[in-house]
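Going by the numbering used here, the first residue of the sequence shown is number 572, and it counts up by one from there.
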Amino acid sequence: GGLGFFTINCVIDTIFILDVFVNFNTAYHVTDTIWVKEHGPIAENYLRRWFWLDLASALPLDLVADGEVRVLKVFRLLKMTKLVHFLFGFWENRVSMDYSALRILQLLFLSTLGTHWFACGLASVTYLESQQDSTWVFIRFGVEPKEMPVYEYYVACLYWSTMTITSVGYGDLVPAVTSQHVQTYMSFVMLVSATIYGYVIGELTILISSRGQRAANFQRTMDHLNDMMSFLALTPELKLELREFYRYLMLKADTTCSQDLLDGMSPGLRLKTVQQADKPWISQLCFFKDPPPQLVVQLYTQMKQ
């Protein structure tokens, strides 16, 4: 178990160290079309922004420091925010799924990550206080944090963190506050957890309500239409015709949305999209064997309209 954790930490340290060297050789852009590729400006830009955080995260503290100093590895939590932001952008660009469902998964992931961070923070603060006569770990389990198995220690902290961030109330595991440091940390976590809980609930409410917004707008329109037709005493035939027309407008909204998306694309992306969408039937027409690209785009647009 100890050798396994040590090996994993060495691999992570190596990845963070390599990331520092990679960033010294990674071009960056100042505008949409201008990229800086010279090593001097790249190094200067990196030193002004992420270098010191990356350096603190990459230090192999497991090899050169004792347990108290290893707490400085908390800097890796800050670097994780940059990694999470990158992964979310990578995921959104490559996963084809409903955005509301994707957003729910993101909120779930962030809540889980926050729970893990709070548990690690409680473990670190308690570990620093283990030089005293007693800690909440000793009171609850009869051993000091240094003597407790790592997995059991983490699960106990994670249990408290989960109850805190979900606001369900504490159960059978309530860490006894034996120092001001632990009390201060717990108060901080409670305040942040309340903010996270409110934010997640608010986001979920917005997502759920927005999913049925289009259907609700259509139903509201039809209710107004029915009221108007009843007030004007229209014939049943005209009522049917009007209802069919408004249902047609709802279906046509999808085509209008697609056209708006095409209009917003660059000429190159618009051409690629049209060629993949309607290439089979265009190539079957004898007078469109080798049509000019812009003609294909215009023809597709006009026929969709």
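Positions of the beta carbon are idealized from the N, C-alpha and C atoms, including for glycine. Note that the coordinates shown come from a computational prediction; the quantities given were computed from them, not determined experimentally.
- request: Enumerate in chain order the residues of its own chain whose CB-to-CB distance from glutamate 715 is below 7 angstroms, with the five nearest sequence positions on each side excluded.
  value: Contacts found: Ser701, Thr706, Val708, Phe709.
(message) Tell me the DSSP secondary structure of tryptophan 606 in three-state form.
(response) Strand.
Tell whether a beta-carbon distance below 9 angstroms holds between phenylalanine 689 and serine 732. With respect to the 9 angstroms criterion, phenylalanine 689 and serine 732 are classified as neighbours on the basis of their beta carbons.
Notebook entry, point to check: Are the beta-carbon atoms belonging to valine 760 and leucine 678 less than 9 angstroms from one another?
Noted result: At a Cβ-Cβ threshold of 9 angstroms, valine 760 and leucine 678 do not count as neighbours.
Worksheet item: How many angstroms separate the CA atom of methionine 793 from the CA atom of serine 837?
Response: Going by C-alpha positions, methionine 793 is about 37 angstroms away from serine 837.
| said: Below 8 angstroms, how does it come out for the region 784-801 and the region 813-822: are there three or more Cβ pairs, yes or no? | reply: Judged by Cβ distances under 8 angstroms, the region 784-801 makes contact with the region 813-822, as three or more pairs qualify.
Determine, using beta carbons only, whether arginine 711 and alanine 694 come nearer to each other than 9 angstroms.
Cβ distance not < 9 angstroms, so arginine 711 and alanine 694 don't count as in contact.
| said: So, for serine 764: in the same chain, excluding its five sequence neighbours on each side, which residues have a beta-carbon less than 6 angstroms away from its beta-carbon? | reply: The answer, listed in chain order, is Thr735, Ile736.
Point to revise | Distance, threonine 697 Cα to aspartate 669 Cα | key: So the two alpha carbons sit approximately 42 angstroms from each other.
Please report the distance separating the alpha-carbon of leucine 842 from that of methionine 821. For leucine 842 and methionine 821, the gap between their C-alpha atoms comes out near 28 angstroms.
Item to complete: Along the alpha helix (DSSP H) that carries threonine 697, what are the first and last residues, could you check?
Response: Threonine 697 -> alpha helix (DSSP H) spans 670-699.
key: Candidates Pro631, Pro720, Lys608: closest to isoleucine 579 by CA position   = Nearest C-alpha to isoleucine 579: Pro631.
Worksheet item: Under the DSSP definition of a beta bridge, which residues are partnered with histidine 600?
Response: Answer is Trp606.
message = Using the Cβ count rule (16 or more neighbours within 10 Å means buried), how would you classify serine 628?
response = The residue in question, serine 628, is buried, as its Cβ has 16 or more Cβ neighbours within 10 Å.
**Asked** Which two residues bound the contiguous alpha helix (DSSP H) that contains tryptophan 707?
**Response** Counting along the chain, the alpha helix (DSSP H) containing tryptophan 707 begins and ends at 707-712.
Item checked: Under 9 angstroms between C-beta atoms of isoleucine 583 and phenylalanine 595 -> Cβ atoms of isoleucine 583 and phenylalanine 595: not closer than 9 angstroms.
Notebook entry, point to check: Would you report the Cα separation of asparagine 616 and cysteine 691, rounded to the nearest angstrom?
Noted result: Using only the alpha carbons, I get a separation of about 32 angstroms.
Host alpha helix (DSSP H) of glutamate 723 (start-end): It spans 721-737 - the alpha helix (DSSP H) in which glutamate 723 sits, taken as one unbroken run.
Does the distance from the CB of leucine 840 to the CB of isoleucine 767 come in under 9 angstroms? For leucine 840 and isoleucine 767, no; Cβs fall outside 9 angstroms.
Handout entry: Separation of histidine 687 from tyrosine 730, as counted between CA atoms
Key = Approximately 10 angstroms, taken between the alpha carbons.
Item checked: Among Trp606, Ser781, Phe592, nearest to leucine 618 - alpha-carbon criterion -> Among Trp606, Ser781, Phe592, the Cα nearest to that of leucine 618 belongs to Phe592.
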